[in-house]
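Everything on this sheet refers to the single structure shown next.
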Amino acid sequence: MKGLLIGGFAALGTGAGAMLTLQTEAGLDPMHTLISEYAFHPIGWLLPASLTLFAAGAAFIAAALRRSGADRKVVALVAAWGVCMFLLGVFPTDRPGLPLSLSGGIHRYAGFVAFLVMPVAGLLLARAKVGYARAMKVLSGFALAALVLVVIPYVVRMFGIPLSNTDIPAGLTQRFVVVSELGLLLFLSLHLVRLPHRRAHRGHGLVSVQHVAPAANAPVRTSRSLAA
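If you read the sequence shown in my numbering, its first letter stands for residue -2, the second for the next number, and so on.
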């Protein structure tokens, strides 16, 4: 499991570095520019690269969760988040002002699913009282609240009310969701790092290492040498 976690940390860290480089070097307004729109910048190739790395990191962590004996629901949710990250990277969004295309539709709904499944996984783990449960609960609640703010503009437009990204800080709320969900993956990974060193019983969906001592009244076998 250690190798899987190292791979997960490496992929997530490299992906975060690529994303941060894109955000700082592109020179776009982070308050109102959606992350997906950075793909149209000259260095926009960093966006699918970082999303693919996030997908790889989630795959490593999902495999480590499965090996640790985690609840299958949590494993499936983390794996689904990784698949959505991959789809986000493969299918870019549409340029602003253009009608929704197939690629843009896949991008939009994959993003929504990704933003939803990770907080649910965090809440399931927090409810199981695993390591860093309180931090996972806080980040999950924060991510869900930010997701509501991300979805509101789409709902408003569905009712025919004109609303542009300049009217609301859509880019900022989207970044809150991404940062909180990467934080969830980080705490989840840190819990798995600590797991082999904790002495606990199998429970709450995760497996810890337990030292089994012989019973006090268990018979002890001894060997005697026979004199010739």
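A virtual CB, placed ideally from N, CA and C, is assigned to each residue, including glycine.
Classification of residue i by the beta-carbon crowding that lies within 10 angstroms, buried from 16 upward
i    : result
L9   : buried
E34  : buried
R64  : exposed
G5   : buried
Y151 : exposed
I58  : buried
T18  : exposed
H198 : Residue placement at H198 is flagged as unreliable, the pLDDT there being 39, under the threshold of 50; a coordinate-derived value is accordingly withheld.
G0   : exposed
R191 : exposed
P89  : buried
L252 : Any property of residue 252 remains undetermined from this structure, which presents the chain solely from -2 to 225.
L122 : buried
Alpha-carbon to alpha-carbon, residue j and residue i
i     : j    : result
V135  : R105 : 26 Å
G14   : T21  : 11 Å
G138  : A76  : 20 Å
L146  : G101 : 20 Å
A125  : G24  : 42 Å
E178  : P116 : 7 Å
A46   : G12  : 7 Å
L62   : A142 : 26 Å
A73   : G108 : 17 Å
D68   : V110 : 20 Å
R172  : I3   : 25 Å
R195  : V153 : Summary for R195: the model assigns pLDDT 45, below 50, so the residue's position carries little reliability; its value from the coordinates is reported in the next sentence. Answer to the nearest angstrom: the Cα atoms are 49 Å apart.
M(-2) : A60  : 8 Å
G41   : A7   : 22 Å
L113  : W78  : 9 Å
V127  : L120 : 11 Å
V148  : G180 : 21 Å
S98   : H38  : 20 Å
A215  : A140 : Legend: pLDDT at A215 = 46, less than 50; position of this residue unreliable, value from coordinates given subsequently. If you take the alpha carbons of A215 and A140, they lie about 52 Å apart.
L182  : I103 : 23 Å
Spatial neighbours of residue i in its chain, beta-carbon cut-off 8 Å, leaving aside the 5 residues before and after
i    : result
G168 : D26, P27, M28, H29, T30, L31, I32, N162
Extent of the continuous alpha helix (DSSP H) run through residue i
i    : result
Y106 : 99 to 124
T49  : 43 to 65
S186 : 167 to 191
L84  : 69 to 87
G229 : Look at the range of the chain in this structure, -2 to 225, and you will see that residue 229 is not part of it.
I32  : Where I32 is concerned, there is no enclosing alpha helix (DSSP H), given that its DSSP letter is neither H nor E.
Any chain D beta carbon closer than 7 Å to residue i
i     : result
M(-2) : Absent here is chain D; the protein component of the structure consists of one chain.
Sequence-distant residues of the same chain with beta carbon closer than 7 Å to residue i, five excluded per side
i    : result
A132 : F184
I165 : P150
G200 : Any reading at G200 is ruled out, since the residue's pLDDT is 42, under 50, leaving its predicted position unreliable.
A118 : V71, L74, V75
Y129 : F184, L187, H188
T170 : A143, L146, V147
Spatial neighbours of residue i in its chain, beta-carbon cut-off 6 Å, leaving aside the 5 residues before and after
i    : result
G86  : P45, L48, T49
M16  : S47
V175 : none
Quiz item: On the three-pair Cβ rule with 8 Å, is the stretch 83 to 101 touching the stretch 22 to 42?
Solution: With a cut-off of 8 Å on Cβ pairs, the stretch 83 to 101 is in contact with the stretch 22 to 42, counting three or more such pairs.
Exercise. Inspect the CB distances between the stretch 81 to 90 and the stretch 48 to 68 and report whether three or more fall short of 8 Å.
Key: With a cut-off of 8 Å, the stretch 48 to 68 and the stretch 81 to 90 count as touching, because enough Cβ pairs lie within range.
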